[in-house]
Amino acid sequence: MLLFKIALSFLFLPRKNFMSKGLPKRSENYSEWYNELVKRADLAENSAVRGCMVIKPYGYAIWEKMQRALDDMFKATGHQNAYFPLFVPKSFLEKEEEHAEGFAKECAVVTHYRLKPNPDGKGLIVDPSAKLEEELIVRPTSEAIIWNTYKNWIQSWRDLPLLINQWANVVRWEMRTRLFLRTAEFLWQEGHTAHATAQEAIEETNRMLGVYAAFAEEWMAMPVIKGAKTASERFAGAEETLCIEALMQDGRALQSGTSHFLGQNFAKSFDVKFVNKENQLEFAWATSWGVSTRLMGALIMAHSDDQGLVLPPKLAPIQVVIVPIYKGAEDLAKISEKVNPLFEQLKAAGISVKYDDSDNQRSGWKFAEYELKGVPVRLGIGLRDLENGTIEVARRDTLTKESRSLDGIAKYIKNLLDEIQSNIYQKALTFRSENTFAVDSWEDFKTQIEKGGFILAHWDGTAETEEKIKQETKATIRCIPFDAKAEEGTDVYSGKPSKQRVVFARAY
RNA sequence: CGGGGCGUGGCUCAGCUUGGUAGAGCGCUCGGUUUGGGACCGAGAGGUCGCAAGUUCGAAUCUUGCCGCCCCGACCA
Numbered sequence: 004m005l006l007f008k009i010a011l012s013f014l015f016l017p018r019k020n021f022m023s024k025g026l027p028k029r030s031e032n033y034s035e036w037y038n039e040l041v042k043r044a045d046l047a048e049n050s051a052v053r054g055c056m057v058i059k060p061y062g063y064a065i066w067e068k069m070q071r072a073l074d075d076m077f078k079a080t081g082h083q084n085a086y087f088p089l090f091v092p093k094s095f096l097e098k099e100e101e102h103a104e105g106f107a108k109e110c111a112v113v114t115h116y117r118l119k120p121n122p123d124g125k126g127l128i129v130d131p132s133a134k135l136e137e138e139l140i141v142r143p144t145s146e147a148i149i150w151n152t153y154k155n156w157i158q159s160w161r162d163l164p165l166l167i168n169q170w171a172n173v174v175r176w177e178m179r180t181r182l183f184l185r186t187a188e189f190l191w192q193e194g195h196t197a198h199a200t201a202q203e204a205i206e207e208t209n210r211m212l213g214v215y216a217a218f219a220e221e222w223m224a225m226p227v228i229k230g231a232k233t234a235s236e237r238f239a240g241a242e243e244t245l246c247i248e249a250l251m252q253d254g255r256a257l258q259s260g261t262s263h264f265l266g267q268n269f270a271k272s273f274d275v276k277f278v279n280k281e282n283q284l285e286f287a288w289a290t291s292w293g294v295s296t297r298l299m300g301a302l303i304m305a306h307s308d309d310q311g312l313v314l315p316p317k318l319a320p321i322q323v324v325i326v327p328i329y330k331g332a333e334d335l336a337k338i339s340e341k342v343n344p345l346f347e348q349l350k351a352a353g354i355s356v357k358y359d360d361s362d363n364q365r366s367g368w369k370f371a372e373y374e375l376k377g378v379p380v381r382l383g384i385g386l387r388d389l390e391n392g393t394i395e396v397a398r399r400d401t402l403t404k405e406s407r408s409l410d411g412i413a414k415y416i417k418n419l420l421d422e423i424q425s426n427i428y429q430k431a432l433t434f435r436s437e438n439t440f441a442v443d444s445w446e447d448f449k450t451q452i453e454k455g456g457f458i459l460a461h462w463d464g465t466a467e468t469e470e471k472i473k474q475e476t477k478a479t480i481r482c483i484p485f486d487a488k489a490e491e492g493t494d495v496y497s498g499k500p501s502k503q504r505v506v507f508a509r510a511y
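All residue numbers for the first sequence refer to our numbering, where the first residue is 4 and numbers rise by one.
Given below as structure tokens:
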């Protein structure tokens, strides 16, 4: 009977665990896996406002780490932070025509500035007498308000370059939203620079794309392809849009950052002129560049598995968690006595470490919880370890465990974190290589796009072909990659001549 | 904007077909036993059943209207 019971529990335990506690599997329903993971890992939740999310403390902590790293990189490249208004007068938004058209269909509009008690009942109504003379647009991006301001800041070539960044929220009224990947309101940074020459502005556009690529690879451990957007994928109002594109585990692409060369379009629209060294008036040259909380989505989808989040150590709010395994307060006290100096050692080594000595959950529960939350390293310590002078080291990225001597453990952990950082980058890089395909026939293209991944194919450079391919396969040209080698070929769809391959994929 | 689904304790959901005054599991509180991979026992707390009107002696349940959210498509960082 006992044996039967054991056998029974053995048989049913994993299934029960999956049903009650586990995540949906990536292989079964990727999008459900993603949604559940975001919620269960305590990153964010849907709010009472349609399309808007609440970013929870754990999720926000990751975003703050991203912000910090990016902000340092912006400062290191000579930029300063500033802040511009949330509201953009409609007339400003209208000034740059293409820009206006591009954003018109997704703008939230403020028409009134006052509410009053409802004379016919309960609640408040919009006071009709408080109608704004000119509507205010909740910024979908800030080029308009910023270039209107720059007009007053820029007189001379000596005022240039003007290198400004702002951390802000923006609103784009999306029809369909997904936590982090596409929300009606999102957080981002937008850099807006003004330069004396086209050359300088183009260099800036490239420089910031480089910053984004470095951030993605070194901090997020996510390999990206750098390239240029086609004309049809370009930012509204830009001469050229550069981007970094990443490949998610389901084989879809995610645009993870963009950097735009805006030419003199905004300077002309907002009349931003400067006097050059020859005492002649010239329009300033512009760039803008941004990354958003969408990067959170990228981070999640690039590395995480069916057990939960996998965070790169450099962005993990908790890098190391220590879990005591004990019976009763006495044992815990003994363990804590050993853990406390270890905790201090790790902290002194610059590691963000948490000692979870809470007694409301057992160790097994904690193991699962910290795996779900993607904590890179877990240290387990029980009485057995106290006797042996050891500690159990568990890696989140490989899900492996080993017992190690406590001697020199801080140094070991420090190295281990570096190793995990590079391991998950390598894993993502391998995944991308294995899911990047050079395709030369239309038949192969159609077959491969169904399977996902980046497709490198020849393109004749026309918007018509690009559009046809999009209609027939839902694949878009993610970018014209910088590192593509010149190679004669024929367009995969039209058969017309082409000089290089571009990156196609289905995208988020 | 189309198509689908859902709204019942904090969470996941049952109850609705056939109206009779609200239930389970998880979580929470207290007590006890436990603790090397999501523990167990006992006792509790917690709900205007999305909102409004209607039908009825009586509505979570039937009718009508409204609101909200999620998922799938067209648009997009």
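Ideal placement from N, C-alpha and C gives every residue a C-beta, glycine not left out.
A352 places its beta carbon 8 Å or farther from that of F277.
Beta-bridge analysis with DSSP links E491 to no other residue. Around the beta carbon of D75, fewer than 16 other beta carbons sit within 10 angstroms, so the residue counts as exposed. In the structure shown, N282 adopts coil according to DSSP, grouped into three states.
Taking C-beta atoms as the reference points, V324 and D274 fail to come closer than 8 Å. In its chain, beyond the 5 residues on either side, L46, M299, L302, L314, L318, A319 and P320 have a beta carbon closer than 8 Å to the beta carbon of I65. 8 Å or more divides the Cβ of E193 from the Cβ of R185.
For N168, the uninterrupted beta strand (DSSP E) run begins and ends at L165 to V174, by DSSP.
If only complete runs of 3 or more residues are kept, the region 193–227 shows no beta strand (DSSP E) anywhere.
Sequence-distant partners of Y33 (beyond 5 residues in either direction) whose C-beta falls short of 8 Å from its own C-beta, in its chain, are Q252 and D253. In this structure, DSSP gives G385 an extended state, which the three-state scheme calls strand. With a cutoff of 8 Å on beta-carbon distance, W156 and L166 are scored as not near each other. Inclusion of I140 and F90 in the CB contact set at 8 Å is warranted, their separation being smaller than that value. Ranked by Cα distance from G25, the first of E372, A270 and A201 is E372. A check of alpha carbon separations from Y153 across A413, A287 and A219 identifies A287 as the nearest.
By a beta-carbon distance limit of 8 Å, A224 contacts I427. Their separation comes to about 5 Å. By alpha-carbon distance to D463, the top candidate from V342, E243, G492 and S295 is G492.
Put simply, the region 433–449 does not touch the region 375–382. Fewer than three CB pairs are less than 8 Å apart. With contacts defined as CB atoms closer than 8 Å, V505 and I472 fail to qualify as a contacting pair. Taking 8 Å as the cut-off, the beta carbon of R387 is found no closer than this to the beta carbon of F370. Pairing S94 with A111, the inter-Cα distance amounts to about 15 Å.
Taking C-alpha positions only, R481 is separated from F183 by approximately 20 Å. Residue pairing for K271: DSSP places it in no beta bridge.
Apart from the 5 residues on each side of it in sequence, L409 sits with its Cβ closer than 6 Å to the Cβ of G392 and I394 in its chain, given in chain order. Excluding five sequence positions before and after F106, the CB atoms of its chain that fall closer than 8 Å to its own CB belong to L96, P143, T144, R175 and A239, given in chain order. When the Cα atoms are used, P92 and E39 turn out to be separated by approximately 39 Å. Under the DSSP assignment, Y373 falls outside any beta strand (DSSP E), being part of the alpha helix (DSSP H) whose first and last residues are S366 to L375.
Between Y37 and A510, the alpha-carbon positions lie close to 15 Å from each other. With respect to the 8 Å criterion, T296 and W222 are not classified as neighbours on the basis of their beta carbons. In the structure shown, P344 adopts helical secondary structure according to DSSP, grouped into three states. A Cβ-Cβ separation of about 13 Å leaves G213 out of contact with T261 under the 8 Å criterion. Under the three-state reduction of DSSP output, I157 falls in the coil class, being neither helix nor strand. It is roughly 36 Å from the alpha-carbon of V227 to the alpha-carbon of W368. Rounded to whole angstroms, the gap between the alpha carbons of A305 and I416 is 24 Å. In the three-state scheme derived from DSSP, where H, G and I count as helix and E and B as strand, T468 is classed as helix. CA-to-CA, the gap between E67 and W445 works out to about 44 Å.
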